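See structure below.
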Amino acid sequence: MGQGNENWEEEFEYSDAVRAGDLWFLSGQVGLEADGTVPADIERQYRFAFDALLGVLRKQGCTAADVVELTTFHVDYPQHLPEFMRAKSRFQGDARPAWTAVGVAALAMPGTLVEIKAVARARD
29 MGQGNENWEE
39 EFEYSDAVRA
49 GDLWFLSGQV
59 GLEADGTVPA
69 DIERQYRFAF
79 DALLGVLRKQ
89 GCTAADVVEL
99 TTFHVDYPQH
109 LPEFMRAKSR
119 FQGDARPAWT
129 AVGVAALAMP
139 GTLVEIKAVA
149 RARD
C-alpha cells in the first residue's frame, strides 16, 4: 500500500498484486516516507505513490509501460491536479493507459491525498 508498510498485506488480508491470465491487478498504493509517515509536500506524496506502484510492478517483472489501466482516488479533487499530473507524467513517460480519476472524501490512511491502483500486462 506504500513505502514502509511491508506488513500491510498480512495485517489487512490482501495482495499487492494478483495475476489473472495475462494481467496483473495491483492494489492501491499511497505515497509515504520510508518511515511510514505522510509527506507534507504534495508533489513528494504523489511521486512516492507512483514509486510504490512501480515497486509492485517491478516485483511482477513489469514496468510502467505495461500498465493498461490506471485508477486514482483523490482527496480534494481536482484541487491538486497540476501537481498530480506532473508526477503521473514522470511515472508513465510516453505510455497512455486508460485512466479514471475519482474524487473521494477520505482515504484509509489519514493525510494521504491519493491512492493509485493499476492493471498491467504480464510480460511472460
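For the sequence shown, the positions run 29 to 152 when our numbering is used. All C-beta atoms, glycine included, are put in the ideal place defined by N, C-alpha and C. Predicted, not measured: the structure shown is a model, and the values here were computed from it.
Whether residue i touches residue j by CB criterion (8 Å)
i: Pro125; j: Leu98; result: yes
i: Pro67; j: Phe53; result: no
i: Arg47; j: Ala129; result: no
i: Gly64; j: Ile144; result: no
i: Ala45; j: Asp94; result: no
i: Val58; j: Thr140; result: yes
i: Ala92; j: Gly121; result: yes
i: Val103; j: Leu60; result: no
i: Val142; j: Phe119; result: no
i: Asp152; j: Gly49; result: no
Under the three-state DSSP convention, the category residue i falls into
i: Glu41; result: coil
i: Val84; result: helix
i: Arg160; result: This structure does not reach residue 160, given that the chain is present from 29 up to 152, and the question cannot be answered.
i: Ala48; result: strand
Extent of the continuous alpha helix (DSSP H) run through residue i
i: Ala115; result: Leu109 to Gln120
Exposure of residue i, with buried meaning 16 or more beta-carbon neighbours within 10 Å
i: Lys116; result: buried
i: Phe40; result: exposed
i: Tyr74; result: buried
8 Å Cβ cutoff, residue i in contact with chain C
i: Gln107; result: You won't find chain C in this structure, because it holds only one protein chain.
Boundaries of the beta strand (DSSP E) in which residue i is found, first to last residue
i: Gly131; result: Ala126 to Val132
i: Glu61; result: Glu61 -> no beta strand (DSSP E), and no H or E assigned at all.
i: Leu98; result: Val95 to Val103
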